[in-house]
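**Student:**
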Amino acid sequence: MDAEAGVGGADQLPWRQHYRNLLLLAYQSFGVVYGDLSTSPLYVYKSTFSGRLRRYQDEQTVFGVLSLIFWTFTLIPLLKYVTIVLSADDNGEGGPFALYSLLCRHAKLSFLPNQQSADEELSTYYRNGFTSRHGSLPWLRRFMEKHKNARTVLLLIVLCGASMMIGDGILTPAISVLSSMSGLKVRATGLHDRSVVLLSCIVLVGLFALQHRGTQKVAFMFAPIVVIWLFCIGGIGLYNIIHWNPRIYQALSPYYIVKFFRTTGCEAMFADLGHFTSASVRLAFITIIYPCLILQYMGQAAFLSKNILDMPTGFYDSIPGPIFWPVFVVATLAAVVGSQAVISATFSIVKQCHSLGCFPRVKVVHTSRWIYGQIYIPEINWILMVLCVAVTVAFRDITLIGNAYGVACMTVMFVTTFLMALIMIFVWQKNIIFALSFFLLFGSVEVVYLSSSLMKVTQGGWVPLVLALIFMSVMYIWHYGTRKKYQYDLQNKVSMRYILSLGPSLDVVRVPGIGLIYTELVTGVPNIFTHFTTNLPAFHEVLVFLCVKSVPVPYVSPDERYLVGRIGPRAYRMYRCIVRYGYKDVQRDDDNFENMLVMNIGKFIMMEAEDASSSASYDTANEGRMAVITTSDDYDSPLAVRDSNDLADSMTTRSTKSESLRSLQSSYEQESPNVSRRRRVRFELPEEDDMDQQVKDELLALVEAKHTGVTYVMGHVYIKARKNSSFFKRFAIDVGYSFLRKNCRGPSVTLHIPHISLIEVGMAYQV
Numbered sequence: 001m002d003a004e005a006g007v008g009g010a011d012q013l014p015w016r017q018h019y020r021n022l023l024l025l026a027y028q029s030f031g032v033v034y035g036d037l038s039t040s041p042l043y044v045y046k047s048t049f050s051g052r053l054r055r056y057q058d059e060q061t062v063f064g065v066l067s068l069i070f071w072t073f074t075l076i077p078l079l080k081y082v083t084i085v086l087s088a089d090d091n092g093e094g095g096p097f098a099l100y101s102l103l104c105r106h107a108k109l110s111f112l113p114n115q116q117s118a119d120e121e122l123s124t125y126y127r128n129g130f131t132s133r134h135g136s137l138p139w140l141r142r143f144m145e146k147h148k149n150a151r152t153v154l155l156l157i158v159l160c161g162a163s164m165m166i167g168d169g170i171l172t173p174a175i176s177v178l179s180s181m182s183g184l185k186v187r188a189t190g191l192h193d194r195s196v197v198l199l200s201c202i203v204l205v206g207l208f209a210l211q212h213r214g215t216q217k218v219a220f221m222f223a224p225i226v227v228i229w230l231f232c233i234g235g236i237g238l239y240n241i242i243h244w245n246p247r248i249y250q251a252l253s254p255y256y257i258v259k260f261f262r263t264t265g266c267e268a269m270f271a272d273l274g275h276f277t278s279a280s281v282r283l284a285f286i287t288i289i290y291p292c293l294i295l296q297y298m299g300q301a302a303f304l305s306k307n308i309l310d311m312p313t314g315f316y317d318s319i320p321g322p323i324f325w326p327v328f329v330v331a332t333l334a335a336v337v338g339s340q341a342v343i344s345a346t347f348s349i350v351k352q353c354h355s356l357g358c359f360p361r362v363k364v365v366h367t368s369r370w371i372y373g374q375i376y377i378p379e380i381n382w383i384l385m386v387l388c389v390a391v392t393v394a395f396r397d398i399t400l401i402g403n404a405y406g407v408a409c410m411t412v413m414f415v416t417t418f419l420m421a422l423i424m425i426f427v428w429q430k431n432i433i434f435a436l437s438f439f440l441l442f443g444s445v446e447v448v449y450l451s452s453s454l455m456k457v458t459q460g461g462w463v464p465l466v467l468a469l470i471f472m473s474v475m476y477i478w479h480y481g482t483r484k485k486y487q488y489d490l491q492n493k494v495s496m497r498y499i500l501s502l503g504p505s506l507d508v509v510r511v512p513g514i515g516l517i518y519t520e521l522v523t524g525v526p527n528i529f530t531h532f533t534t535n536l537p538a539f540h541e542v543l544v545f546l547c548v549k550s551v552p553v554p555y556v557s558p559d560e561r562y563l564v565g566r567i568g569p570r571a572y573r574m575y576r577c578i579v580r581y582g583y584k585d586v587q588r589d590d591d592n593f594e595n596m597l598v599m600n601i602g603k604f605i606m607m608e609a610e611d612a613s614s615s616a617s618y619d620t621a622n623e624g625r626m627a628v629i630t631t632s633d634d635y636d637s638p639l640a641v642r643d644s645n646d647l648a649d650s651m652t653t654r655s656t657k658s659e660s661l662r663s664l665q666s667s668y669e670q671e672s673p674n675v676s677r678r679r680r681v682r683f684e685l686p687e688e689d690d691m692d693q694q695v696k697d698e699l700l701a702l703v704e705a706k707h708t709g710v711t712y713v714m715g716h717v718y719i720k721a722r723k724n725s726s727f728f729k730r731f732a733i734d735v736g737y738s739f740l741r742k743n744c745r746g747p748s749v750t751l752h753i754p755h756i757s758l759i760e761v762g763m764a765y766q767v
């Protein structure tokens, strides 16, 4: 919304459009965010009164549980998440890794190896005007930046939160679908638990089997399903309050919490009330989600206070008979929507972990042509399906799955509280008293619930702990091995002095074409180059050292994605291109990459020749002459690109203007979902009188090399720990990282490199 928009007839349009968009986004958030939260009334009371609290099933205890639910629901989702945590989003993204990336941009806490100062110039790097790295406690920032162990502990905490969220992607579909299907036992009295479990497994398998088709075709139904569900449970709750126990409003007083603990004592610690997840849209939560859920909890408590024996199936028993089956259908659909939202969020979390170097390479499929960011990861989908069905079949009990779900949810909440306290210090630059007050207020409540959940480890609570341990081990071992590999590359890179001593020929035979050498280094020449030329003393006329890197921001604008620079003098024809992606960006299979690369190098050559001092920033960390610039579409390219459709029409013109127009043509394959066809693109270099001859020769060499062909060179690295390494290091590198590297997707697949143009160079590292 324009800050300068005034009040008046024409100026009212932006104001109205802003609020129209706000209402639309709030409506859409029901199906994306609130699915799992809205289905919590299906199982909360049943889980709460399981175990030892079963001995306290009376009206006063029901009042105490409702009071505890109301104030917890008000304190954590409403006050903490909606009021405070939502203000710390990372350019609209949330979750442990989003908060971690936000911290890493304001303090040097990240282990991402190939970061550079040019990344800080991204438009999405800083937010809300906070560009200082000092924060309110400089000594704390210096301590964490200086001590590697402190940064490792922070990373492990973030990995723990992310692992628990992945575990949530397993447990939420299981408990939601099983809870909704359990309503069949209320009306179909002869139905056995085995039949309910079988039906739940069929629904779960179908849900995961359809993930590859994406959700864009049915996503428009998600929001209305959840809205109808919320109004149903809100109306049923209001009916139960009036019909069964109008005095239930008294339970909103904190007095009943004190009375509850005084009556049950430490037994209340076994109450599992940790079934509340974070909200992401304030308007939707405050206006509909919060009141409807509170009405449902109050109504269900009013019913249970007069029907204690119906505790195991309290939700469905409280539904009036004439509307039971419509509500059951809506409950099942709401459970599926909530499960879908969590599964999609799990894909997003794994993508974030992978982008930040903490997860093995997996296949990421973009499922929507119109909605950016909707992804599908086949390997993760089938793992989630197997584990979700296994949990459902093994436990067959909502209470046991609820115990596991409580551990996962409360761990994520506590990790969020911890990271938020650090954000208040490093990003918001608040006083430490404010950050500590936030941490103690919410952290103490969450620790109480987490400890109560951990007491049920033997009753299902061990599942998220085991899953988190497995996923954390995978993440940390992959991150550790990747970091060791990068450190070896950095320590063994080729010095510019050696490159310059070889001369323009680089002491090898320069053959026509472009050689793209993939490397993780943002400066210097990688060791793979000398290893290749030692075994085969020939290389391409134009060399481009290509680094595809992840930046700790959600998205990188296409105008800021490419950094292009030169390595060595002009006669060497050596360039560096750094392609930057955010952790939410999807690297599509873009067949136009080669052409874009040539165009950007051409822009760099012209910008360097015209005004290198104002258009380029020089990287002083390198020993040679390297100028890195940010290319933009706003700058006129010296190379013209035309589609081959104009080829036949321009043949006569080209023959008559052969002296004034040098035209070269290249082709590339463009894939569509159903049809494969070839498009041909022509690069044209016009003869300009004011163009420097050296620049013209360099551009001509570039397009001629592109016409000859592009070859991709990538290292196939085998990493092994040194013999004198510790047991942990040898196990992590030789066993863990080696296993993950052999069984994950290769880098050439994830980078969409055509196999016909790929050369892999074998390398052995002793780290």
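Under the UniProt record's numbering, the residues of the sequence shown are numbered 1 to 767, in order.
Where a beta carbon is used, it is the ideal one built from N, C-alpha and C, also for glycine.
Inspect the beta-carbon positions of V342 and P77 and report whether they are closer than 9 Å.
**Tutor:** no
**Student:** Any contact of the stretch 60 to 71 with the stretch 244 to 254, i.e. 3+ C-beta pairs under 8 Å?
**Tutor:** yes
**Student:** Distance check for G234 and K485, CA to CA, integer angstroms please.
**Tutor:** 56 Å
**Student:** Output the boundary residues of the beta strand (DSSP E) element that contains T711.
**Tutor:** V710 to K720
**Student:** Would you mind giving the Cβ-Cβ distance between F426 and L103, rounded to the nearest angstrom? I have them listed as a contact below 8 Å.
**Tutor:** 6 Å
**Student:** If we count Cβ pairs, one from each stretch, closer than 8 Å, do we get three or more for the stretch 387 to 406 versus the stretch 190 to 197?
**Tutor:** Yes, the stretch 387 to 406 is in contact with the stretch 190 to 197.
**Student:** Below 8 Å on the Cβ atoms is my guess for G406 versus S453; work out the distance and round it to an integer in Å.
**Tutor:** 4 Å
**Student:** Would you mind reading off the limits of the beta strand (DSSP E) that contains G582?
**Tutor:** M574 to G582
**Student:** To test your reading of the DSSP string, which unbroken alpha helix (DSSP H) runs of 4 or more residues are found completely within the stretch 270 to 349?
**Tutor:** Within the stretch 270 to 349, the complete alpha helix (DSSP H) runs of at least 4 residues are 290 to 306 and 314 to 317.
**Student:** State the start and end residues of the unbroken beta strand (DSSP E) segment that holds C744.
**Tutor:** Run containing C744: none; DSSP gives neither H nor E here.
**Student:** For C160 and T750, what's the separation of their Cα atoms in angstroms?
**Tutor:** 26 Å
**Student:** Thinking C-beta only, is P526 closer than 9 Å to R573?
**Tutor:** Not a contact, by the Cβ cut-off of 9 Å.
**Student:** To the nearest angstrom, how far is it from the Cα of R662 to the Cα of L702?
**Tutor:** Because the pLDDT of R662 is 37, which lies under 50, any placement of that residue in the model is unreliable, and the number read from its coordinates should be weighed accordingly. Taking the straight line joining both Cα atoms gives about 13 Å.
**Student:** Taking only the alpha-carbon atoms, compute the straight-line gap between Q211 and H366 and give it to the nearest angstrom.
**Tutor:** 12 Å
**Student:** Under the DSSP definition of a beta bridge, which residues are partnered with V544?
**Tutor:** The partner list for V544 (beta bridge, DSSP) reads L516 and Y575.
**Student:** For V586, name the three-state secondary structure that DSSP assigns.
**Tutor:** coil
**Student:** Going by DSSP, name the residue or residues bridged to I375.
**Tutor:** H366
**Student:** Count the other C-beta atoms from every protein chain shown that fall within 10 angstroms of the C-beta of H752, then say buried if there are 16 or more, exposed otherwise.
**Tutor:** exposed
**Student:** According to DSSP, is A764 helix, strand or coil?
**Tutor:** Residue state, collapsed to three classes: strand.
**Student:** Return the Cβ separation of S38 and L230 in integer angstroms, given the expectation that the two are a contact with Cβ distance under 8 Å.
**Tutor:** 6 Å
**Student:** Which whole-angstrom value is the C-beta distance of residue 776 and C744, which I expect to be below 8 Å?
**Tutor:** Beyond the ends of the chain as shown, which are 1 and 767, falls residue 776; an answer cannot be given.
**Student:** DSSP state of Y34, grouped into three classes?
**Tutor:** coil
**Student:** Below 8 Å on the Cβ atoms is my guess for G513 versus T711; work out the distance and round it to an integer in Å.
**Tutor:** 6 Å
**Student:** Quick one: any contact between the stretch 40 to 48 and the stretch 340 to 356, if contact means 3 or more CB pairs under 8 Å?
**Tutor:** Contact between the stretch 40 to 48 and the stretch 340 to 356 is absent: fewer than 3 CB-CB pairs across the two stretches fall below 8 Å.
**Student:** Please report the distance separating the alpha-carbon of N149 from that of F285.
**Tutor:** Approximately 39 Å, taken between the alpha carbons.
**Student:** Helix, strand or coil: how does DSSP classify I759 here?
**Tutor:** Correct three-state label for I759: strand.
**Student:** Using C-beta distances below 6 Å, list every residue in its chain close to I241, excluding the 5 sequence neighbours before and after it, in chain order.
**Tutor:** I248, M298, G299 and A302
**Student:** Using the rule of at least 16 other Cβ atoms within 10 Å of the residue's Cβ for burial, across every protein chain shown, is A421 buried or exposed?
**Tutor:** buried
**Student:** In terms of alpha-carbon separation, which member of P378, I517, I433 and S163 lies closest to G214?
**Tutor:** Of P378, I517, I433 and S163, the residue nearest in Cα terms is P378.
**Student:** For R730, collect the residues of the same chain with a Cβ closer than 8 Å to its Cβ; drop the 5 residues on either side in sequence, then sort them by chain order.
**Tutor:** If we look at R730 and ignore the five residues flanking it on each side, its Cβ neighbours are A721.
**Student:** Would you check if the distance between the CB atom of I601 and the CB atom of Y581 is smaller than 9 Å?
**Tutor:** no
**Student:** Is T346 closer than 9 Å to D58 when the C-beta atoms are compared?
**Tutor:** no
**Student:** Taking 6 Å as the limit between beta carbons, can you name the residues of its chain near L543, skipping five residues before and five after?
**Tutor:** G515 and M574
**Student:** Quick check on this structure: which residue in Y476, I228, V177 and P138 has the alpha carbon closest to the alpha carbon of C292?
**Tutor:** Of Y476, I228, V177 and P138, the residue nearest in Cα terms is I228.
**Student:** Terminal residues of the continuous alpha helix (DSSP H) containing Y45?
**Tutor:** V44 to T48
**Student:** Per DSSP, what kind of secondary structure is Y562 in: helix, strand or coil?
**Tutor:** strand
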